[in-house]
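*Asks:* Before anything else, here's the structure in question.
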């Protein structure tokens with residue numbers, strides 16, 4: 518009997534794997550010649566998404582602030598045979614976003630999908646955060662997607678396969694200490710994205726809300742830290758390197774594009790992130806106790822700590838062994854960080 522069930526289990530697993538492979542092959546051409554706009558597309562997850570959409574035939578419009586990074590990203594995509602264009606844009610204001618959308622439509626005649634991926638990360642105790650830190654996070658994580666969708670919506674309504682993909686975070690469902698601006702802004706994006714999904718479905722526009730956990734994008738060196746910056750960085754970078762807690766950017770990008778193709782409403786990426794959402798829904802007191810414990814373990818700022826932020830590159834201490842962050846560090850050059 519046990520052998521029989523083992524055979525059945527293996528057969529079902531094989532059938533599932535074959536089904537996924539067939540589905541992915543069928544989806545390869547779903548974005549053929551479609552114009553996909555990706556904010557924060559010059560590095561990290563945005564670049565990984567550009568590669569993935571491009572590998573499926575899309576014309577990728579990369580939107581970011583840094584022209585040099587955009588040029589490197591375009592070269593990367595070009596070497597892979599991917600059609601792309603780059604648009605320099607300050608996503609912190611509405612007018613540049615509208616201008617970027619107008620330029621993309623002028624160049625390509627259409628927009629079929631928008632991916633709101635641009636983000637910022639500041640790690641520090643709440644007492645060291647100021648109003649500007651919260652405004653910056655809200656501008657980039659909420660208002661930028663809002664203005665981009667507003668500007669792109671008339672063009673998306675003309676597409677036969679319109680997609681909106683909002684990259685939130687597990688931090689938009691489960692808040693953790695020392696990341697208050699990030700959590701607040703990502704929660705806002707989740708609510709906005711979920712509301713749009715219900716409203717736009719009747720028009721055939723599919724909205725996908727994505728909640729990744731930690732990813733190995735190399736972005737830990739560009740994240741910002743305050744207080745005990747070296748200590749905060751050590752926790753963050755080490756966590757982003759642990760295979761049990763993090764996923765590769767390429768794998769995350771594949772899952773996101775698959776979800777966009779299928780028109781899925783939600784996607785949570787990573788074993789730890791999925792379990793965090795389950796515990797938050799079923800056992801919220803456990804999550805609450807965990808965050809209290811995490812706050813005790815996280816670094817406490819020294820007396821009279823500076824309110825100025827340092828990047829991960831600036832914060833790294835020689836006392837942090839490279840072995841602890843090896844996987845995350847390996848992603849830095851790969852994803853233009």
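Residue numbers (the numbering used here): 518 to 854.
Glycine included, every Cβ here is placed at the ideal spot set by N, Cα and C.
Since this is a predicted model, take the numbers as computed values, not measurements.
(1) Just the Cα atoms here: how many angstroms apart are residue 744 and residue 598?
(2) Determine whether the beta carbon atoms of residue 852 and residue 565 lie at a separation below 8 Å.
(3) Assuming residue 638 contacts residue 741 (C-beta within less than 8 Å), just tell me the rounded distance between them.
(4) Just reading off the beta strand (DSSP E) that residue 784 is part of, what are its end residues?
(5) Using the beta-carbon count (16 or more within 10 Å), is residue 710 buried or exposed?
(6) Expressed to the nearest angstrom, what Euclidean distance is found between the alpha-carbon atoms of residue 835 and residue 848?
(7) Anyone know if the C-beta pair for residue 646 and residue 585 falls short of 8 Å?
(8) List the whole-angstrom C-beta distance separating residue 490 from residue 581, where the pair is believed to meet the contact cut-off of C-beta under 8 Å.
(9) Roughly how many whole angstroms lie between the Cα atoms of residue 556 and residue 600?
(10) Output the distance between the C-alpha atoms of residue 644 and residue 818, rounded to the nearest integer angstrom.
(11) Throw me the rounded Cβ distance for the residue 729 and residue 790 pair, which I believe falls under 8 Å.
(12) To the nearest angstrom, how far is it from the Cα of residue 649 to the Cα of residue 747?
(13) Where residue 550 and residue 738 are concerned, what is the direct C-alpha to C-alpha distance, given to the nearest angstrom?
(14) Would you kindly work out how many angstroms separate the C-alpha atoms of residue 682 and residue 777, rounded to a whole number?
*Replies:* So, from the listed chains and residues:
(1) 44 Å
(2) Closer than 8 Å, so yes.
(3) Going by Cβ atoms, the distance from residue 638 to residue 741 rounds to 7 Å, so yes, they are a contact pair.
(4) 783-786
(5) buried
(6) Their backbone Cα atoms lie some 20 Å apart in a straight line.
(7) For the 8 Å CB-CB criterion, residue 646 and residue 585 do not form a contact.
(8) A query on residue 490 cannot be resolved here, the shown segment of the chain reaching from 518 to 854 and no further.
(9) 16 Å
(10) 10 Å
(11) 7 Å
(12) 22 Å
(13) 35 Å
(14) 7 Å
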